[in-house]
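Asker: Sharing a structure with you now.
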Amino acid sequence: MHLTDEVTSEVQFIRQRSRPQGPAQRTSRDRGSHAAARPVSCHRCGGSHSPESCRFKGAACNFCKRKGHIERVCRAKSNSLTPRQKRILKASSSTNSEKESADSLCVNATHISTHNVSATPFTATVLLNNTPVKMEVDSGAALTLISEATYRQLPADSGLDLFPSVPVLRDFQGQPIPILGASNVSVKYGPFSGILQVVVAKGKRCNLLGRNWFNHLKIQLTGVHQVTNRSIEELLEKYAELFSDSLGVVKGPPVTLYTDDSVAPIQMSARRVPFALKHRIEEELNRLVSQGILEPVLHTTWATPIVPVVKSNGDIRICGDYKCTVNKALRKDLYKIPSVNELLTTLKKGKVFAKLDLAQAYQQLVVDEASAELQTIITHKGAFKPKRLQYGISSAPGIFQRFMDTLLANLDDVVTYFDDVLVVARSEAELASTLKQVFHRLLQAGIRLKRDKCVFGLQNVNFLGYRIDASGIHPSEGKVAVIHNFPSPENKQQLQAFLGLLNFYHNFLANKAEIAEPLHRLLDNNSKWSWTHRHAEAFKRLKQLISSNLVLTQYDDSLPLTLTCDASPHGVGCVLAHITASGIEKPIAFHSRTLSSAERKYAQIDREALAIIVGIKKFHEYVFGRHVEIRTDHKPLLGLLARAMQTPVGMSPRMVRWSILLSAYDYDLVYRPGKEISNADALSRIPQAVELADDSQPLEVLMLESMHNPPITAHVIAQETSRDPVLDRVKKWTQKGWPRNSVPEAFKPFGPHRSELSVHKDCVLRDSRVVIPLSLRTQVLQLLHAGHPGIVRMKSLARSYVWWPGLDRDVEKTVLSCLQCQENRHNPPRENEHRWPEARTPWSRIHVDFFGPFQGKMFMIVVDAFSKWVEVKIVPTASTKAAVSVLRTLFATHGIPDSVVSDNGTAFTSAEFLEFVKSNCIQHLTTAPFHPASNGQAERLVQSTKEALRKESAKEWNVRLARLLLAQHSTPSSATGKSPAELLLNRRLVTLLDKLRPEEAHADVVEHRKRRAFETDDLVFARCFQQSKKWIPAVVVSRLGQLMYVVRTSQGQVWKRHVDQLFSRQPNAVAQ
1 MHLTDEVTSE
11 VQFIRQRSRP
21 QGPAQRTSRD
31 RGSHAAARPV
41 SCHRCGGSHS
51 PESCRFKGAA
61 CNFCKRKGHI
71 ERVCRAKSNS
81 LTPRQKRILK
91 ASSSTNSEKE
101 SADSLCVNAT
111 HISTHNVSAT
121 PFTATVLLNN
131 TPVKMEVDSG
141 AALTLISEAT
151 YRQLPADSGL
161 DLFPSVPVLR
171 DFQGQPIPIL
181 GASNVSVKYG
191 PFSGILQVVV
201 AKGKRCNLLG
211 RNWFNHLKIQ
221 LTGVHQVTNR
231 SIEELLEKYA
241 ELFSDSLGVV
251 KGPPVTLYTD
261 DSVAPIQMSA
271 RRVPFALKHR
281 IEEELNRLVS
291 QGILEPVLHT
301 TWATPIVPVV
311 KSNGDIRICG
321 DYKCTVNKAL
331 RKDLYKIPSV
341 NELLTTLKKG
351 KVFAKLDLAQ
361 AYQQLVVDEA
371 SAELQTIITH
381 KGAFKPKRLQ
391 YGISSAPGIF
401 QRFMDTLLAN
411 LDDVVTYFDD
421 VLVVARSEAE
431 LASTLKQVFH
441 RLLQAGIRLK
451 RDKCVFGLQN
461 VNFLGYRIDA
471 SGIHPSEGKV
481 AVIHNFPSPE
491 NKQQLQAFLG
501 LLNFYHNFLA
511 NKAEIAEPLH
521 RLLDNNSKWS
531 WTHRHAEAFK
541 RLKQLISSNL
551 VLTQYDDSLP
561 LTLTCDASPH
571 GVGCVLAHIT
581 ASGIEKPIAF
591 HSRTLSSAER
601 KYAQIDREAL
611 AIIVGIKKFH
621 EYVFGRHVEI
631 RTDHKPLLGL
641 LARAMQTPVG
651 MSPRMVRWSI
661 LLSAYDYDLV
671 YRPGKEISNA
681 DALSRIPQAV
691 ELADDSQPLE
701 VLMLESMHNP
711 PITAHVIAQE
721 TSRDPVLDRV
731 KKWTQKGWPR
741 NSVPEAFKPF
751 GPHRSELSVH
761 KDCVLRDSRV
771 VIPLSLRTQV
781 LQLLHAGHPG
791 IVRMKSLARS
801 YVWWPGLDRD
811 VEKTVLSCLQ
821 CQENRHNPPR
831 ENEHRWPEAR
841 TPWSRIHVDF
851 FGPFQGKMFM
861 IVVDAFSKWV
871 EVKIVPTAST
881 KAAVSVLRTL
891 FATHGIPDSV
901 VSDNGTAFTS
911 AEFLEFVKSN
921 CIQHLTTAPF
931 HPASNGQAER
941 LVQSTKEALR
951 KESAKEWNVR
961 LARLLLAQHS
971 TPSSATGKSP
981 AELLLNRRLV
991 TLLDKLRPEE
1001 AHADVVEHRK
1011 RRAFETDDLV
1021 FARCFQQSKK
1031 WIPAVVVSRL
1041 GQLMYVVRTS
1051 QGQVWKRHVD
1061 QLFSRQPNAV
1071 AQ
């Protein structure tokens, strides 16, 4: 039995570079007398020689930059290590024996380079007295040790008796570790079940799975490799710049994205962002601009909206939703992604390996200006142009693979697969030589590596789902570890789930029906549940069968790939499989895990989406860069995560993050009924026991608490939610699934939004907004109306923090019922303008008004309501006398109208004006006080007249007015479709534009008339104006222009004649 992949990887990562050991096994009272017997340790490099003779005497430390030592033994760096990094135990050997001493086990002075400290410890969960205990696997610990706190958590009735522990444990500084004692505990891990001894340390300490348990649990140390060649570490120090925290900038020509010209550019508008996130989004934009990654732009042909993702630490990551814009136009990158089998064929002769990982791989590539514009994102702060290749661009995988293959070409022992680089060698010296070439090329190109994900000098390595060592390529044991660790069923439902999983793969299991026969009999209707030794043996044989290499197909890049995912209330499961040419589905790998306490409260749609994300992350090396069909039995997911769908605005932040993650993959999301994906269903219902930290996302529930001085907290909301009969039922349905049948009327407003609902900390959320219980809504409305915002502003504010059915209606009611708001409100909305009765004849109703002073002049304007004919006259003042004078002149030309409409100015309400209209039998209509819009005909023309006069360049006012009026009278009106002159005068006015067009009648005649022409020496009759004969014979001598000719008569006279004064003559006409 091997450890799982993760544990094996940790064991492989350990590199023991122990200093020469002295008599470290002496007790504390012996140490002082034997201190002089210890070998000298060099403080400059850590070697066992005098510091004066050290070759690093003049070297400068790469960490603290001081001279006299190297980074490996730097005290400043040692002080900067985290407590976990300092908490590594190593068991020392006695002076004369390699076996651990029965007197004392102390931690030796092994040098631990920070290069060898993994960012995350690898653990294994072991059942101690039927209690899951997470333990850190440490091949340097001689004994297995648990803390006092863990010991107290084990069942008290399990017979846990402590007895004295003989060995004395010491830490890496030589200080003794206080021990309570030792105990014999029941241990279950994989196929092992038995009693083993464990040491119990006082206080809170890390639980360590030491070497004394490795043989029992079948943990093999095949990956432990002692690097004795110091050239690799020296190489890491020399190329420390490769591992700097700064983002790499690839040198050379920028990346170009090619688009299909037939696809029109897509410009989408910026999406609204919650008020609580707006400031942090702006800060992140400013940071990216200052780093030179983004550049603000004013104009762009492409605009992709952003999806802000809140990280676990509260920071904002800005992503472009490219699947709804530029990905539709990008041409597919034709560079072939190498298949896994092609890559693995070069690795058979390797004995020692190194694996490199690039930091923020895509974003190390600079794009050209045109490609940067394609990637332009649009935000509430405007448009920004990314200068680096962005995550989510569909052609990015092919572009990056081509770049890496070109960069590391002609290195036979180097394999690249996207951002992973594998280096293979037959010896440590050869590995160091190859790494030097790789480091040199990467550094010259401007690449940066992620140090905590790089490993060096391993005898075996996990790469693309395979375990590679000197003997060849092996499938990873972790692929089927979930099936192998399947717990014994405790009821018929669990047994049915297990057999359902086996039935899905019945074509691949030899003798499956015979082995499983006792289990099928246990499921008979008349059979009671009784799990016997016979059933346990059959169950064990089936697990061994499904865990053998015979039932798993090897990854083949040429076969279609499917990822089947499913979720239950307790776990998620997924199966990666190939579809063969005959249509048979063959599994490649299985994976499942339990849900954390927070994940168990997810809505069912969120759990189903989580299953897809877990599968994508687990099988990333298989599915990234190629097409995969993802299968789910939850149909609503197709409307949210389908690749062709635009990211909905109302999705929860969690679902938005997952949508952005999936946008980097080429997938089709398809629906399959639950009975067709029973394999994934079984894995989800009995998942592997994995301990996970709660996924705390306070922003998703405390959005209301981010307001200034919030009156209520999430705790209060949770309490009132449980007391609200409607919301409490909605919360339970969100967690366990909504009923298939119709729901009562009170719950129907929640139905259309149930895909957006989730539960966190016992509060119901719609996307990122808290659903407020009925008892708290009045209090929340008062908070939202604290600054007396209007209806629109208050709605916008409310939609950023809270939600409940009828929120908009309640906001409107709150604002309208606020006395302070109503006393200080603006005028009510304007009613539609009163439409004057339609004028039936020209000059029947006219509208009059004064305007000015305008550029030192006062004007009177008159508009005919029927024809829209405008008259503008310059007047000395806006007086009755001026008005009467203008109207008399116009009446003399156009006649007396039926009615005159004016405002309430004194010029139109004086006794003199009233007498004038009365004497001419004209009806005088005036508008309401302070409501000039009632005289809209004149008001609108005043503005357009001012604009036209302002644009006129003539200096004389009579010229400016004449030009204005001619244009107005001859231009068709948008209201009537004809010019004012046509309606008022029943004719079109001739303008300069008419002079540009030739006479139509003359043009038609000329067009259809055949033009006459004569050539030299043609016989013609010429018009004679001096003799009694009207026409006399002549001959054409020459042509003058198009219509003039020179002719010679029979008497020898030379005349000039027009073509109309000539016609053809027959030859015999002369003889006559």
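Quick note: the sequence shown uses the UniProt record's numbering, first residue 1, plus one each step. Positions of the beta carbon are idealized from the N, C-alpha and C atoms, including for glycine.
(1) Please determine, among A581, H578 and R654, the residue with the shortest C-alpha to C-alpha distance to A603.
(2) Look at the alpha carbon of F866 and the alpha carbon of T926, and state the distance between them as a whole number of angstroms.
(3) Kindly identify the DSSP beta-bridge partner or partners of K385.
(4) Assign S857 to one of three DSSP states: helix, strand, or coil.
(5) Check whether chain C comes within 8 Å of Y258, counting only Cβ atoms and requiring the distance to be less than that.
(6) Out of S970, V455, D728 and H520, state which residue places its alpha-carbon closest to the alpha-carbon of Q493.
(7) If you check the beta carbons only, do R643 and D606 fall under 8 Å apart?
(8) Using CA atoms only, rank isn't needed, just tell me which of N215, V455 and K381 is closest to V289.
(9) Using C-beta distances below 7 Å, list every residue in its chain close to A948, excluding the 5 sequence neighbours before and after it, in chain order.
(10) My guess is that L449 and F353 are in contact by the Cβ rule of under 8 Å, so how many angstroms apart are they, rounded?
(11) Closest to D1018 by C-alpha separation, out of P648, E295, Q1066 and P980, would be which residue?
(12) Just curious, the beta strand (DSSP E) that T814 is in, first and last residue?
(13) Grab the span of the alpha helix (DSSP H) containing Q426 for me, first residue to last.
(14) Curious, which full-length beta strand (DSSP E) runs of at least 3 residues does the stretch 580 to 608 contain?
(15) Rounded to a whole number of angstroms, what is the C-alpha to C-alpha distance between L816 and F275?
(16) What is the C-beta distance between A1034 and T1016, in whole angstroms, given that I count them as a contact (C-beta under 8 Å)?
(17) Looking at the secondary structure, which residues open and close the alpha helix (DSSP H) in which S796 lies?
(18) Does the stretch 726 to 746 come into contact with the stretch 786 to 800, if we say contact requires no fewer than three beta-carbon pairs (one atom in each stretch) closer than 8 Å?
(19) Less than 8 Å between the C-beta atoms of L640 and M651, yes or no?
(20) Specify, as a first and last residue, the run of the alpha helix (DSSP H) that R331 falls within.
(21) Are V310 and D321 touching if we call contact CB-CB under 8 Å?
(22) Below 8 Å on the Cβ atoms is my contact criterion, and I expect R388 with I293 to pass it. Report the Cβ-Cβ distance as a whole number of Å.
(23) Starting from A124 and walking both ways along the beta strand (DSSP E), at which residues does that stretch end?
(24) Is it right to say Y671 is buried, meaning 16 or more other beta carbons lie within 10 angstroms of its own, or is it exposed?
(25) Are the beta-carbon atoms of A383 and T300 separated by less than 8 Å?
(26) Taking 8 Å as the threshold (C-beta atoms), are T144 and G252 in contact?
(27) Between the stretch 256 to 268 and the stretch 774 to 787, do at least 3 Cβ pairs fall closer than 8 Å?
(28) When you compare the stretch 763 to 783 with the stretch 796 to 810, are there three or more beta-carbon pairs, one atom per stretch, that lie closer than 8 Å?
(29) Given a threshold of 16 other Cβ atoms within 10 Å of its Cβ, counted over all protein chains shown, does G350 qualify as buried or as exposed?
(30) How would you call P587, buried or exposed, if buried means at least 16 neighbouring beta carbons within 10 angstroms?
(31) Buried or exposed: E838, going by 16 or more other Cβ atoms within 10 Å of its Cβ?
(32) According to DSSP, W1055 sits in a beta bridge with which residue or residues?
(33) With G398 and D333 assumed to form a contact (beta carbons below 8 Å), what rounded beta-carbon distance in angstroms separates them?
(34) Go through its chain and collect everything with a Cβ distance to R205's Cβ below 6 Å, but skip five positions before and after it.
(35) Between the Cα of R888 and the Cα atoms of T909, F539, G905 and V862, which residue gives the shortest distance?
(36) Given that a residue counts as buried once 16 or more other Cβ atoms are within 10 Å of its Cβ, and exposed if not, what is N491?
Answerer: Based on what the coordinates show:
(1) For the purposes of this step, residue 603 is taken as residue 603 along the sequence shown, with counting starting at 1. A603 has its Cα closest to that of R654, out of A581, H578 and R654.
(2) Within the sequence shown, the letter at position 866 stands for residue 866. Within the sequence shown, the letter at position 926 stands for residue 926. Each residue's alpha carbon lies about 19 Å from the other.
(3) Taking the sequence shown and counting its residues from 1, one reaches residue 385 at position 385. Paired residue(s): E295.
(4) Reading the sequence shown from its first residue, position 857 is the one you call residue 857. Ser is not the amino acid found at residue 857; the sequence shown has Lys there. Here K857 sits in strand by DSSP.
(5) The chain inventory of the structure shown lacks chain C, comprising one protein chain alone.
(6) Here residue 493 is taken as the residue at index 493 of the sequence shown, counted from 1. Between Q493 and the set S970, V455, D728 and H520, the nearest pair of CA atoms involves H520.
(7) Locating residue 643 in the sequence shown gives position 643, counting from the first residue. Locating residue 606 in the sequence shown gives position 606, counting from the first residue. Taking C-beta atoms as the reference points, R643 and D606 fail to come closer than 8 Å.
(8) Along the sequence shown, read from residue 1 onward, the residue named residue 289 stands at position 289. Nearest option by C-alpha distance: K381.
(9) Stepping through the sequence shown from its first residue, residue 948 is reached at position 948. Taking C-beta separations shorter than 7 Å and ignoring five residues to either side along the sequence, the partners of A948 in its chain run L964, following chain order.
(10) Position 449 of the sequence shown, counted from the start, is the residue given in the question as residue 449. Position 353 of the sequence shown, counted from the start, is the residue given in the question as residue 353. About 16 Å separates the Cβ atoms of L449 and F353, ruling out a contact at the 8 Å cut-off.
(11) Sequence index remark: in the sequence shown, residue 1018 carries index 1018 (1-based). Comparing Cα positions, the closest option is Q1066.
(12) As a position in the sequence shown, residue 814 is number 814, starting the count at 1. No beta strand (DSSP E) contains T814, which is instead part of the alpha helix (DSSP H) from L807 to L816.
(13) Here residue 426 is taken as the residue at index 426 of the sequence shown, counted from 1. For the sequence presented, residue 426 should be read as Arg rather than Gln. Where R426 is concerned, there is no enclosing alpha helix (DSSP H), given that its DSSP letter is neither H nor E.
(14) Counting only runs of 3+ residues, the beta strand (DSSP E) found wholly inside the stretch 580 to 608 occupies 585 to 594, in chain order.
(15) To locate residue 816, count along the sequence shown from 1; it is residue 816. To locate residue 275, count along the sequence shown from 1; it is residue 275. When rounded, the separation of the alpha-carbon atoms in L816 and F275 is 24 Å.
(16) If you number the sequence shown from 1, residue 1034 lands on position 1034. If you number the sequence shown from 1, residue 1016 lands on position 1016. Rounded, the Cβ-Cβ distance is 13 Å, inconsistent with contact.
(17) Along the sequence shown, read from residue 1 onward, the residue named residue 796 stands at position 796. From DSSP, the alpha helix (DSSP H) with S796 extends over I791 to Y801.
(18) No contact exists between the stretch 726 to 746 and the stretch 786 to 800.
(19) Locating residue 640 in the sequence shown gives position 640, where the first residue counts as 1. Locating residue 651 in the sequence shown gives position 651, where the first residue counts as 1. L640 is a Cβ neighbour of M651, given a cutoff of 8 Å.
(20) Looking up residue 331 in the sequence shown gives position 331. No alpha helix (DSSP H) holds R331; DSSP gives it neither H nor E.
(21) Along the sequence shown, one-based indexing puts residue 310 at 310. Along the sequence shown, one-based indexing puts residue 321 at 321. Contact: no.
(22) Position 388 of the sequence shown, counting from 1, holds the residue named residue 388. Position 293 of the sequence shown, counting from 1, holds the residue named residue 293. Rounded, the Cβ-Cβ distance is 6 Å, consistent with contact.
(23) Position 124 of the sequence shown, counted from the first residue, corresponds to residue 124. Counted as a single uninterrupted DSSP element, the beta strand (DSSP E) harbouring A124 occupies residues T123 to L128.
(24) Sequence index remark: in the sequence shown, residue 671 carries index 671 (1-based). Around the beta carbon of Y671, a 10 Å sphere encloses fewer than 16 other beta carbons of the protein chains shown; the residue is thus reported as exposed.
(25) The count along the sequence shown starts at 1 and reaches residue 383 at position 383. The count along the sequence shown starts at 1 and reaches residue 300 at position 300. Taking 8 Å as the Cβ cut-off, A383 and T300 qualify as a contacting pair.
(26) Counted from its first residue, the sequence shown places residue 252 at position 252. Counted from its first residue, the sequence shown places residue 144 at position 144. Result no, Cβ atoms of G252 and T144 do not sit closer than 8 Å.
(27) By the Cβ rule, the stretch 256 to 268 does not count as touching the stretch 774 to 787, because fewer than three pairs are nearer than 8 Å.
(28) Short answer: they touch.
(29) By 1-based counting over the sequence shown, the position of residue 350 is 350. Classification of G350: buried, given that the 10 Å Cβ count is 16 or more.
(30) On the sequence shown, position 587 is the one that residue 587 refers to. By the neighbour-count definition (other C-beta atoms within 10 Å, threshold 16), P587 is a buried residue.
(31) Position 838 of the sequence shown, counted from the first residue, corresponds to residue 838. The residue in question, E838, is exposed, as its Cβ has fewer than 16 Cβ neighbours within 10 Å.
(32) Residue mapping note: residue 1055 aligns to position 1055 of the sequence shown, counting from 1. In DSSP, W1055 forms a bridge with V1047.
(33) Your numbering for residue 398 matches position 398 in the sequence shown. Your numbering for residue 333 matches position 333 in the sequence shown. Contact between G398 and D333 holds, since their C-beta atoms are separated by about 3 Å, short of 8 Å.
(34) As a working mapping, residue 205 is identified with position 205 in the sequence shown. So the qualifying residues of the chain are S147.
(35) In the sequence shown, the residue the question calls residue 888 occupies position 888. Ranking T909, F539, G905 and V862 by Cα distance to R888 puts V862 first.
(36) Residue numbering aside, residue 491 sits at position 491 when the sequence shown is read from its first letter. Flag for N491 reads exposed.
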